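Participant: Dropping the structure in here first, questions after.
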Amino acid sequence: MKDRINVNSEPAPSLLFKIVQISISVILVCILCFFIYGQFFTESTHYFTGSCSVFSNTWSYTDSAGETKHVKFPGSLDIEVGDTVTLTSRLPGVVDENSYACFLTNRSMRVYVNGELRLDFSSDDNPLPGGYVKSHYMLVNLHAR
Numbered sequence: 000m001k002d003r004i005n006v007n008s009e010p011a012p013s014l015l016f017k018i019v020q021i022s023i024s025v026i027l028v029c030i031l032c033f034f035i036y037g038q039f040f041t042e043s044t045h046y047f048t049g050s051c052s053v054f055s056n057t058w059s060y061t062d063s064a065g066e067t068k069h070v071k072f073p074g075s076l077d078i079e080v081g082d083t084v085t086l087t088s089r090l091p092g093v094v095d096e097n098s099y100a101c102f103l104t105n106r107s108m109r110v111y112v113n114g115e116l117r118l119d120f121s122s123d124d125n126p127l128p129g130g131y132v133k134s135h136y137m138l139v140n141l142h143a144r
C-alpha cells in the first residue's frame with residue numbers, strides 16, 4: 000500500500016516562529032514580574048509633599064434665570080442640562096502660594112480668583128466619547144498674585 004499523507008496535519012512550525020513565540024512569552028513574564036515588584040516591593044514616591052484640606056464653605060450659584068441658591072459640596076445643583084451657572088464662594092483669609100483647588104469635571108468652565116481668569120476649560124476640545132470617561136481633574140492655583 001502506498002504511504003498515506005494525513006491531510007489534516009499541520010506543518011511543523013518553523014524555527015523562527017518558535018523563537019518569536021518564546022521571546023514574546025519571556026517579555027510578557029518580565030513585564031508581569033516588573034509590575035508585581037513595583038506594586039508591592041518598592042517604597043512609594045511622595046509626589047505631593049503638602050497637605051490636603053477640604054474647603055467646606057457653602058457655595059452660592061446663580062442659574063440662567065438669575066435666581067441665587069446655595070449648595071455644599073459634594074452635592075448637586077438643581078439646574079437644567081445645558082444651563083450656564085455661576086458658582087461663587089469666599090476663600091479663607093490666608094491662602095499660601097501652594098494652595099490649589101482640585102476637582103473633577105466634564106463640563107466647560109471658567110474659574111476666576113479675585114476677578115482674574117485662572118482656568119478656561121472647554122469640554123468641546125476633548126474628542127473622547129463618554130461621560131465620566133472624558134472627565135478631567137483640574138488644578139487651579141488659589142494664591143492671590
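Residues 0 to 144 (numbering that gives the first Met the number 0) are what the sequence shown spells out, left to right. Backbone N, C-alpha and C fix where the C-beta goes; we use that ideal spot for every residue, glycine too. These figures come from a predicted structure and were not determined experimentally.
Under DSSP, the beta strand (DSSP E) around Ser59 begins and ends at which residues?
Facilitator: Per DSSP, Ser59 belongs to the beta strand (DSSP E) from Trp58 to Thr61.
Participant: Name the DSSP bridge partner or partners of Thr67?
Facilitator: Note: Thr67 sits in a beta bridge opposite Thr61.
Participant: Taking 9 angstroms as the threshold (C-beta atoms), are Thr104 and Ser134 in contact?
Facilitator: Contact flag set, yes.
Participant: Check whether the Cβ atoms of Ser59 and Glu79 sit closer than 9 angstroms, and answer yes or no.
Facilitator: No, Cβ-Cβ distance for Ser59 and Glu79 is not below 9 angstroms.
Participant: Rank Pro73, Ser98 and His69 by C-alpha distance to the C-alpha of Thr85 and give the top, closest one.
Facilitator: Thr85 has its Cα closest to that of His69, out of Pro73, Ser98 and His69.
Participant: Assuming contact is defined by CB atoms lying nearer than 9 angstroms, are Tyr111 and Leu141 in contact in what I supplied?
Facilitator: Cβ distance not < 9 angstroms, so Tyr111 and Leu141 don't count as in contact.
Participant: Quick check: the Cα distance between Ile23 and Leu138, rounded to an integer number of angstroms?
Facilitator: When rounded, the distance between both Cα atoms is 41 angstroms.
Participant: Between the C-alpha atoms of Arg117 and Phe40, what's the straight-line distance to the nearest angstrom?
Facilitator: Looking at the two C-alpha atoms, the distance is approximately 40 angstroms.
Participant: Out of Thr67, Asp77 and Phe33, which has the shortest C-alpha to C-alpha gap to Thr164?
Facilitator: Because the chain in this structure spans residues 0 to 144, residue 164 falls outside the shown range and cannot be described.
Participant: How far does the alpha helix (DSSP H) with Phe72 in it reach, from first residue to last?
Facilitator: Note, Phe72: premise wrong, no alpha helix (DSSP H); not H, not E.
Participant: If you draw a straight line from the alpha carbon of Thr83 to that of Met108, how long is it in whole angstroms?
Facilitator: Their Cα atoms are separated by approximately 9 angstroms.
Participant: Alpha carbon to alpha carbon, what distance is there between Gly37 and Leu31?
Facilitator: C-alpha separation (whole angstroms): 10 angstroms.
Participant: Ends of the alpha helix (DSSP H) at Phe34?
Facilitator: Start and end: Leu14 to Phe39.
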